[in-house]
Amino acid sequence: MNEPLFELEGVSRFYRRGESIVRAVDGIDLTIGAGEFVALEGPSGSGKTTLLQLLGTLDRPDAGTIVFEGRPLHTLDDRALAGLRLNAFGFVFQQFNLIPTLTALENVQAALAPHGVRGHALDERAGALLEEVGLAARVDHLPTHLSGGEQQRVAIARALANEPRVILADEPTGNLDTKTGADVIDLLAGLGERHGTTIVVATHDATLAARAPRRVAMRDGAVVQPEMAV
Amino acid sequence: MFYARYVLRELSRRRVRTLLTVAGLGLGVALVITISGLSRGLDRAQRTALDPLSGIGTDLTVTRGVQTDNKGFGGGGPGGGGSFRDVIQSNQSVLTDLSKLGKPGQHFVHDFFLPGTQLTFPTSQGATVSKLSGVAASAQGLLLIAEHQEGVVPKIVAKFKTGGQTFRVRRTITPLTPAEQQALQKCLEKNGATFGQAPQQQQGRPQGQDGFGGGGGNGSGRRGFFRGAFQKCLSARLRTFIGTFRTPQQTLQQVLDPPQTNIKTTPYTIGGVDQTQPGIGLLTPKQVTKGRYFSVAGGREALVATSYASRQKLKVGSSLDLNGTTFTVIGLVSPPLGGQTADVYLPLKKLQALAHQPGVANVVFVRADKSSSVSRVKSEIAQQLQGAQVATAQDVADRVTGSLVDAANLTHNLGLVLEIIVAAAAFLMAALLTLSSVGKRVRELGTLKAIGWTQRLVVRQVVSESVAQGALGGAVGILLGVVAAIIIGAAGPTLTASSTTGSSSNLLGSAAARTAHETLSLHAPLSVLVVALGLVLALAGGLVAGAAGGLRAARLRPAEAMRRVE
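Same order as they appear, the protein sequences are chains A and B.
Residues in the first sequence are numbered consecutively from 4, following this note's numbering.
Residues in the second sequence are numbered consecutively from 44, following this note's numbering.
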């Protein structure tokens with residue numbers, strides 16, 4: 004394994020649902036190396052998304068520690084975590100989460116603007132990213148005028164905008180047909196290879212998970228053997 | 044710049060929300076601007092209407108009203124001493140004796156002048172005011188109620204029919220006294236027909252029972268002789284009683300219908316101005332809106348109030364015939380409301396002559412040497428001229444009533460409250476819409492946080508959108524406000540202000556009190572300050588709404604947003 008990027012030790016995240024407590028992630032120990040392509044697989048409710056959110060600093064664990072690039076994340080304040088999300092992580096969501104009032108180009112620019120990229124450079128960089136995901140001809144289209152696959156490509160381009168060290172993709176193929184889903188996975192894998200980006204993909208589709216070099220199976224909030232994940 | 048473009052995209056692509064917010068804020072701002080403009084317009088109108096004395100260089104007016112005794116100011120002079128009797132005497136000329144206007148059927152035109160309840164006093168007495176300490180100047184005026192009558196002298200005929208009545212009188216005759224009987228008997232005896240020669244068959248009848256005429260004769264020859272003697276000897280009282288009875292008294296009464304007449308009465312007010320003192324008085328050159336003021340000599344010149352001129356179709360150069368004297372209208376005036384105002388103004392002496400009231404006035408205008416002396420001068424006048432009614436500018440202003448005052452009171456009492464309510468409602472609406480929008484954009488704002496936007500950036504974006512809507516709302520509001528002000532100015536809703544001088548006496552009815560009306564067109568003048576205020580309000584509204592939305596966005600945790608995404 005390459006140099007460890009994420010080091011998780013006894014990480015747990017609980018939710019209160021009425022009188023009961025749901026253990027969404029329950030004492031996970033996990034290490035992910037830099038440049039790895041990891042598939043988190045498991046059925047719905049197995050804790051994939053929660054784990055992905057903990058890795059991406061969108062949430063904080065109730066127990067355990069997460070160390071990213073040698074820094075324990077629980078020691079960072081909200082502002083530092085926002086900086087980390089801006090500079091180190093790129094997110095791809097199942098429902099694309101594009102800004103509906105912005106064009107494809109502007110959606111990518113939304114991730115570039117906080118870096119201080121302005122004017123012509125902003126247009127050029129966003130255009131280049133869309134070209135990389137094969138959407139050069141669709142830059143001025145609103146999300147509603149794009150197909151599901153195209154929208155996910157825009158989301159991937161946006162995730163790549165800040166040249167992240169990690170791309171966290173939550174069910175990126177969930178709303179896509181099989182072929183388009185396979186294309187998106189290939190795209191992510193290719194980008195990871197080209198840019199040396201660590202890619203963590205959460206999916207319930209075992210076929211897609213099988214395309215990843217490393218599979219981490221989850222069930223009831225815990226990491227299990229791959230054959231037990233189904 | 045990306046953030047500005049993002050704001051523009053949000054506003055343009057979420058049209059309904061943007062329009063609602065902009066319309067709400069715009070309406071609020073427009074209402075605030077319009078109410079402020081109306082308030083300014085009312086203030087201006089009030090200054091015009093409620094500052095009646097300053098325009099005529101006067102601090103105090105002195106009049107003589109009706110009193111319960113006839114002592115004090117004006118007593119003994121022309122016009123009486125201030126009692127109700129004097130009111131009647133002063134106003135006698137109004138009691139029209141139709142026969143004096145001409146023969147029945149003749150057309151007549153006549154103006155009657157009466158002081159009403161603002162009684163007159165000798166100008167010599169009014170002049171004493173100028174000698175009081177603290178008085179810088181004073182002038183006298185005569186203000187009369189005029190009745191212009193025009194028509195045909197009516198014919199009045201009353202027809203009476205008498206006679207044809209029958210009277211029956213019954214009278215009991217007093218019997219002859221013994222002395223009269225004795226005299227009668229003596230007379231009859233003297234004439235050979237005594238009661239003692241009664242016929243044989245009547246002998247033995249008591250003498251005392253021989254009544255009046257009871258001496259009937261023997262046979263027809265003696266009867267005729269007796270009658271002649273009896274007639275001759277009868278008492279004078281019994282011979283003449285038929286001619287002395289009295290007929291009963293009778294009163295004849297007939298109701299007369301009043302004659303039909305076409306007499307038309309037009310009331311107006313007329314003022315006599317001391318034109319030798321143009322700086323102070325009933326009218327000063329300041330009130331002349333067209334034409335010129337009286338010449339010092341005071342010829343047959345008349346000044347006419349603009350409103351009266353409009354009603355009577357008079358203009359500069361028109362002739363005014365008053366009881367055979369022709370006056371030329373030399374100017375139009377706009378007399379201050381609430382003061383001593385009239386429809387027509389003549390030089391004082393001309394009006395005195397016309398009204399047959401030589402040497403009298405019924406108002407004194409007084410200017411104090413300094414404003415701090417007004418109160419002292421008022422006391423001195425009241426002391427010097429007992430019973431005089433002394434009014435200050437404030438007293439006069441307080442008498443002004445009407446829709447102008449009502450509206451002004453309303454704006455003073457409610458204007459600010461209304462503005463605050465409207466602005467608060469607009470802000471609230473904008474804030475609620477922004478909050479609602481933020482609520483619907485949880486996913487979007489959560490995504491922004493997920494891709495690295497700091498909390499400050501997200502809040503700034505929400506506030507920027509809101510402030511931009513505020514700016515648009517402000518622009519729309521200013522536009523609407525300006526349009527509303529133009530419409531109000533063009534429509535010119537009128538407000539009236541009325542002021543009554545002189546009291547309404549039971550003796551003369553309400554005609555004795557002079558009520559002046561002033562109709563003012565309402566405008567809603569806008570100032571740069573009001574427009575700027577509107578813009579600031581709108582921006583503040585946007586800021587408040589943005590802050591409310593921003594705070595909500597700031598509390599948003601990315602994981603929560605992501606969970607909603609799921």
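Every residue, glycine too, gets a C-beta built ideally from N, C-alpha and C.
- Neighbours of L500/B across chain A, judged by C-beta separation under 8 Å: P117.
- Here the alpha carbon of A213/A sits roughly 12 Å from the alpha carbon of A205/A.
- DSSP places T166/B outside any beta strand (DSSP E); the residue lies instead in the alpha helix (DSSP H), whose first and last residues are T166 to G169.
- Per DSSP, the continuous alpha helix (DSSP H) segment holding I424/B begins and ends at V417 to Q427.
- With fewer than 16 other Cβ atoms inside 10 Å of its own Cβ, K229/B counts as exposed.
- For E193/B, the enclosing beta strand (DSSP E) covers residues V178 to V195.
- Here Y388/B is buried. Its C-beta has 16 or more other C-beta atoms within 10 Å.
- In the three-state reduction of the DSSP assignment, P221/B falls in the helix class.
- Contact annotation: V339/B and V372/B have beta-carbon atoms that are not nearer than 8 Å.
- By the neighbour-count definition (other C-beta atoms within 10 Å, threshold 16), I216/B is an exposed residue.
- CA-to-CA, the gap between L55/A and D173/A works out to about 7 Å.
- Going by beta carbons, G584/B and G524/B fall outside the 8 Å limit.
- Inside the stretch 51–88 of chain A, DSSP marks whole alpha helix (DSSP H) runs of 4 or more residues at positions 51–58, from first to last along the chain.
- For T104/A, at least one C-beta of chain B is nearer than 8 Å to its own C-beta.
- When rounded, the separation of the alpha-carbon atoms in L132/A and I31/A is 35 Å.
- Listed along the chain, the chain A residues whose CB falls inside 9 Å of the CB of I78/B amount to none; the nearest CB is some 36 Å away.
- Neighbourhood of R52/B in chain A, by CB distance below 8 Å: T104, L105 and E109, in chain order.
- Taking 8 Å as the cut-off, the beta carbon of V465/B is found closer than this to the beta carbon of G71/B.
- For T319/B, the closest alpha carbon among the candidates P390/B, S570/B, E232/B and T435/B is that of P390/B.
- In the assembly as shown, P218/B is an exposed residue. Its beta-carbon has fewer than 16 other beta-carbons within 10 Å.
- Relative to the Cα of L33/A, the nearest Cα in the group D126/A, L57/A, L190/A and S23/A belongs to L57/A.
- Burial check for S47/A: the Cβ neighbour count within 10 Å stays below 16, so the residue is exposed.
- Residue range E344 to A348 is occupied by the beta strand (DSSP E) that includes A345/B.
- Between I35/A and the set I170/A, V28/A and R26/A, the nearest pair of CA atoms involves I170/A.
- When the Cα atoms are used, A160/A and G93/A turn out to be separated by approximately 9 Å.
- With its beta carbon at least 8 Å from every one in chain B, D208/A lies outside the interface.
- Excluding the 5 residues flanking it on each side, G224/A has same chain C-beta neighbours closer than 6 Å at R26, A27, V28, D29 and G50, in chain order.
- For D438/B, the secondary structure class from DSSP, reduced to helix, strand or coil, is helix.
- Annotated as distal: G577/B and I188/B, with beta-carbon spacing of 8 Å or more.
- Residue burial is scored here from C-beta neighbours: E127/A has fewer than 16 other C-beta atoms within 10 angstroms and is therefore classed as exposed.
- If you ignore the 5 residues before and after E508/B, its C-beta comes within less than 6 Å of the C-beta of V50 and E53, all in its own chain and listed in chain order.
- For D173/A, DSSP records a beta bridge to A205/A.
- Residue environment: L81/B is assigned as buried (16 or more neighbouring CB atoms within 10 Å of its CB, all protein chains considered).
- DSSP lists no beta-bridge partner residue for M472/B.
- The C-beta of P117/A has 16 or more other C-beta atoms within 10 Å across all chains shown, which makes the residue buried.
- Excluding five sequence positions before and after P64/A, the CB atoms of its chain that fall closer than 8 Å to its own CB belong to V14, S15, R16, V28, L57 and H77, given in chain order.
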